[in-house]
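Just so we're on the same page, the working numbering is the position in the sequence shown counted from 1, plus 9.
Presented below is the structure to which this report refers.
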Amino acid sequence: MLLRNNTLRIVNSSRADEGNYVCRAENQLGSAEMTAVLWVKEAMRVELSPDRVEVTVGESVVLSCKAAHDSSLDVAFQWFFNQKPIHFRQDGGHFEYIQTQSSTVDLMIRSILLKHAGKYGCQAQTSADTVFTEAELLVRGELVVGVSAPVLCDVFVHSFV
């Protein structure tokens, strides 16, 4: 689509649009042209598994993030907890970043505490695009046999007249 200001806009580009594009300008003083090359890369897809996991305090879990992307592009990963970047050296050794393959990284969470419950995000980025996906971690408190715990009950009475 050629816009009013002579800008070429390619909407919903595909591999069929790849190639050389020539822009030519002319006026009474002469002409000039410029060639641009367009390469179209497939959109990256990111899978985080498991996407929901429930564990008990003290257990460990591994979340795996895999990016399917154009092999000519390098991919970089970053992990998030409740939308904030994870700083691996600052959390008492609970989190470990593991690069398993060039397009796959794992997040190991060791000796899980109640405070680790929440949303874990994996962001994969290439020079062409950035994709973010999340998984949910549910943490149950540890049950101790023989220890009493308070139980609260509410009673609701509905009368039908």
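A virtual CB, placed ideally from N, CA and C, is assigned to each residue, including glycine.
For the options 139, 150 and 149, the alpha carbon positioned closest to that of residue 51 is the one of 139. Taking C-beta atoms as the reference points, residue 80 and residue 49 fail to come closer than 8 Å.
Residue 78 is positioned such that its CB atom lies closer than 8 Å to that of residue 135. By the Cβ-count criterion, residue 146 is buried, with 16 or more other Cβ atoms from all chains shown falling within 10 Å of its own Cβ. According to the DSSP secondary-structure assignment, residue 52 is paired through a beta bridge with no residue. In this structure, residue 70 places its C-beta atom within 8 Å of the C-beta atom of residue 121. If the five residues before and after residue 91 are omitted, its C-beta is found closer than 6 Å to the C-beta atoms of 127 and 128, all from its own chain and listed in chain order. Distance from the CA of residue 116 to the CA of residue 35, rounded to the nearest whole angstrom, comes to 58 Å. Inter-residue distance for residue 65 and residue 132 is about 26 Å (C-alpha atoms, whole angstroms). Annotation for residue 44: 29 and 31 place their beta carbon closer than 6 Å to its own, counting only its chain and skipping 5 residues before and after. With respect to the C-alpha of residue 17, the residue from 154, 83, 47 and 76 having the closest C-alpha is 47. The beta carbon of residue 42 is closer than 8 Å to those of 31, 32, 33 and 34 in its chain, skipping five residues each way along the sequence. For residue 109, the closest C-alpha among the options 76, 98, 103 and 137 is that of 76.
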